[in-house]
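Student: The structure follows.
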């Protein structure tokens, strides 16, 4: 494939404007030709009210990037796959784990690429951390993923609705990195979920995982954090401590800061999507969402004070 | 393999006494030689306080059947697999979906059989229903799984604790049949969970599923039902209505009652376990538990009146 891939984008909200539009504009492999959004418009391309209208009016669209909240993603993805388009899903890939399995089946059936993206896995420190940890004896893992929800999710009512994940919306970024860099599959042993009295989803969660070797893996997610975000994963091994901080932009192994280059998560995501389309492949890992579902299944819920934005 | 398989049983509670012990006693392929239980003893075999002690003292045990509540199952299964034993798990196979994946990995590594059993799939009407539905155009599915919790779970405090599933403990039986007989993968669209004010898990749940074709699939689970249980699955097709009732013991297709033979769920489970051991195979389908995790992830929780046993 030497031509550019004509792409449409659906869901023109904060994440689309902050990340997807610049990444597509800067990528030589993609050409944005259409947008679908109920309320927003993208300058310089054809705009539609919804994905179905876009698909009907734009037969030249080859790929669709879905950036709307997870609660509406399935219907959009099904429509795009049924029309033979390649599909990239923002994280989380669905409102339930099983619906993502159904989408993967549809992609196979229609010979389309389905890419369930996890942008944090494309942070610059992740692959270096994975490589270093591959053969290490790990004794403990401590994860802290804490931020101010008012700063990072202003006006995003959907995060508090069923399917919106609450504090797991950022927390799933940590889980997407953990499942990538830790050499052994881990599983949830117990969890504490802190749910505001007037909300459906947790505002904070403490998760205790382990693996087949019994390694203690602790993750703390909190949306009630002060102005400076704490997005870090500390892995203690017999050969030293690895610290991935700033969401994966900073890597320290023992006392040494590792040079990992600049942050380019979303450009890297579109590189990956382009490669998958070029090789007729899909990449659908539900693992991080699986861990959140396990936490909601197994976690003990505690009511905490009401949250008003 | 012509010899009998020496088997131990762990967790000697209601389900072990009602079902597992008679099924093993009646099976020519198994010989029960040991039991592990904190409080209970099995007559005529060696008894131990826990699985670890049993494994240490009984090197001739080849297989272990785990009947304890899901919250303690992982540690028992890991110990048995690490000792090279074949393992059968009562349903649900774990307290989280991911821990079952870890057990499957351990079984592969140790070349043992792991059987995540779903006893309701062995109800006599299930395979006949599956065969009839395989090529049918399904227009709707209605599931009602309703019983009196006081009758069916007397004194079982663990069902109300995190990991104990609440009304999904019986409801997962319906899900295990649905995932077996319906020809297309289905997924949860929305759910309503009804949780007593003094309990952690739902006492009732309404679930709306669909599949890639948009088929409406509705399941209602309720533990507040009267003295006569309602365990039925109705599948409406263009060629007539299939009704599987009494938990799978009764099958009617259109107006016609189908002769499906007597109920022998647990004997059939042990047939399957024996076959898996004989062929060095495993059978681990987390699908039904996956649907419960999705329901807890996506379901809207409603507080309902306190439940006292």
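Protein chains in written order, with our numbering: chain A, 28 to 336; chain B, 28 to 336.
The beta carbon of each residue, even a glycine, is placed where N, CA and C say it ideally should be.
Are the stretch 235-245 of chain A and the stretch 109-128 of chain A in contact at 8 Å, needing three or more beta carbon pairs?
Tutor: No contact exists between the stretch 235-245 of chain A and the stretch 109-128 of chain A.
Student: Any Cβ of chain B within less than 8 Å of the Cβ of residue 103 of chain A?
Tutor: no
Student: Determine whether the beta carbon atoms of residue 266 of chain A and residue 163 of chain A lie at a separation below 8 Å.
Tutor: yes
Student: Answer with yes or no whether the minimum CB distance from residue 153 of chain B to chain D is below 8 Å.
Tutor: No chain D appears in the structure shown, which is made up of the protein chains A and B.
Student: Answer yes or no: does any C-beta atom of chain B fall closer than 8 Å to that of residue 317 of chain A?
Tutor: Judged by the 8 Å Cβ criterion, residue 317 of chain A is in contact with chain B.
Student: What span of residues does the beta strand (DSSP E) with residue 295 of chain B cover, start to end?
Tutor: Unbroken run through residue 295 of chain B is the alpha helix (DSSP H), 292-305; no beta strand (DSSP E).
Student: List the residues of chain B whose Cβ lies closer than 9 Å to the Cβ of residue 81 of chain A, in chain order.
Tutor: Contact note: residue 81 of chain A does not reach chain B at a C-beta cutoff of 9 Å; the least C-beta distance is about 20 Å.
Student: I'd like the ranges of any beta strand (DSSP E) spanning at least 3 consecutive residues and lying wholly in the stretch 154-193 of chain B.
Tutor: 165-173
Student: Residues of chain A with a CB under 9 Å from the CB of residue 212 of chain B: which are they?
Tutor: 125, 128, 129, 132
Student: Hey, does residue 198 of chain A have any beta-carbon neighbour from chain B nearer than 8 Å?
Tutor: no
Student: Run through DSSP, which three-state label would residue 268 of chain B get?
Tutor: Residue 268 of chain B falls in the strand class under three-state DSSP.
Student: The alpha helix (DSSP H) that contains residue 318 of chain A, what's its start and end?
Tutor: 314-325
Student: Can you grab the Cα-Cα spacing for the pair residue 43 of chain A / residue 189 of chain B, in whole Å?
Tutor: 38 Å
Student: Please classify residue 319 of chain B: is it buried, with 16 or more other beta-carbons within 10 angstroms of its beta-carbon, or exposed?
Tutor: Buried, because 16 or more other Cβ atoms sit within 10 Å of the Cβ of residue 319 of chain B.
Student: If you reduce the DSSP assignment to three classes, tell me which class residue 329 of chain B lands in.
Tutor: strand
Student: Taking DSSP as the reference, what is the three-state secondary structure of residue 280 of chain A?
Tutor: strand
Student: Can you tell me which of A:317, A:166, A:57, A:323 puts its alpha carbon nearest to the alpha carbon of residue 120 of chain A?
Tutor: A:317
Student: When Cβ atoms are compared, which residues of the stretch 321-336 of chain B fall closer than 9 Å to chain A?
Tutor: 321, 322, 323, 324, 325, 326, 327, 328
Student: From residue 350 of chain B to residue 155 of chain A, what distance separates their C-alpha atoms?
Tutor: Summary: the structure shown does not reach residue 350 of chain B, with chain B confined to residues 28 through 336, and so no result is reported for it.
Student: So residue 245 of chain B is in the beta strand (DSSP E); what residue range does that whole segment cover?
Tutor: 244-249
Student: In terms of residues, what are the limits of the alpha helix (DSSP H) holding residue 224 of chain B?
Tutor: Neither: residue 224 of chain B is in no alpha helix (DSSP H) and is coded neither H nor E.
Student: I want to verify the contact list: residues of chain B whose CB lies under 9 Å from the CB of residue 17 of chain A, in sequence order.
Tutor: Residue 17 of chain A is absent from the structure shown; chain A starts at 28 and stops at 336.
Student: To the nearest angstrom, report how far apart residue 326 of chain B and residue 227 of chain B are at their CA atoms.
Tutor: 14 Å
Student: Measure the CB-CB distance between residue 142 of chain B and residue 295 of chain B and report whether it falls below 8 Å.
Tutor: no
Student: Please confirm if residue 239 of chain B has its CB atom under 8 Å from at least one CB of chain A.
Tutor: yes
Student: Does any residue of chain A have a CB that is nearer than 8 Å to the CB of residue 149 of chain B?
Tutor: It does not; no Cβ of chain A falls within 8 Å.
Student: Which residue wins for smallest C-alpha separation from residue 257 of chain A, given the options A:269, A:263, A:275, A:264?
Tutor: A:275
Student: Using 10 angstroms around the beta-carbon of residue 336 of chain A, count the other beta-carbons present and answer buried if the total reaches 16, otherwise exposed.
Tutor: exposed
Student: Rounded to whole angstroms, what is the Cα-Cα separation between residue 302 of chain B and residue 140 of chain B?
Tutor: 10 Å
Student: Can you tell me whether residue 128 of chain A is helix, strand or coil according to DSSP?
Tutor: helix
Student: Here's the rule: buried if 16 or more other CB atoms are within 10 angstroms of the residue's CB, otherwise exposed. What is residue 329 of chain B?
Tutor: Classification of residue 329 of chain B: exposed, given that the 10 Å Cβ count is below 16.
Student: Helix, strand or coil: which one does DSSP assign to residue 28 of chain A?
Tutor: Because residue 28 of chain A sits at a pLDDT of 48, beneath the cut-off of 50, its placement in the model cannot be relied upon, and the following sentence gives the value as read from the coordinates. Residue 28 of chain A: coil per DSSP, three-state reduction.
Student: Locate the beta strand (DSSP E) running through residue 196 of chain A, then write down its first and last residues.
Tutor: It is not in any beta strand (DSSP E) - residue 196 of chain A instead sits in the alpha helix (DSSP H) that spans 195-208.
Student: Against chain A, does residue 122 of chain B count as a neighbour if the rule is that its beta carbon must be under 8 Å from one of theirs?
Tutor: yes
Student: Chain A partners of residue 227 of chain B, CB-CB under 9 Å?
Tutor: 327, 328
Student: Considering only C-alpha positions, which residue in the set A:297, A:268, A:321, A:187 is nearest to residue 31 of chain A?
Tutor: A:297
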